[in-house]
């Protein structure tokens, strides 16, 4: 949806500014924030009781990937600070 695209754009711009400024911690924090946003969107989608079995399976697979990325981003951010 448009709010998701707007949030993704803001996150990209924040990440770009962090990288351009060469602030590693800020860049890692932005990556973690983006991963958190994606994870939350997938969790919302998984609460949809009207999903077909095929759609639910696809969303669950994608969610697992996003959740794993979120944990990696959190670990990198906490070890860098």
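In the numbering used here, the protein residues as written are 27 to 107.
Just so you know, even glycine gets a beta-carbon here, dropped at the ideal spot from N, CA and C.
Contact belief for residue i with residue j at Cβ below 8 Å, rounded distance in angstroms
{"i": "residue 37", "j": "residue 63", "result": "7 Å"}
{"i": "residue 100", "j": "residue 56", "result": "In fact, because the Cβ distance is near 13 Å, the residues do not count as touching under 8 Å."}
For residue i, three-class secondary structure by DSSP
{"i": "residue 74", "result": "coil"}
Inter-residue Cα distance where the pair is residue i and residue j
{"i": "residue 66", "j": "residue 52", "result": "21 Å"}
{"i": "residue 91", "j": "residue 82", "result": "14 Å"}
{"i": "residue 32", "j": "residue 60", "result": "12 Å"}
{"i": "residue 78", "j": "residue 93", "result": "22 Å"}
{"i": "residue 96", "j": "residue 104", "result": "12 Å"}
{"i": "residue 69", "j": "residue 102", "result": "23 Å"}
{"i": "residue 50", "j": "residue 98", "result": "15 Å"}
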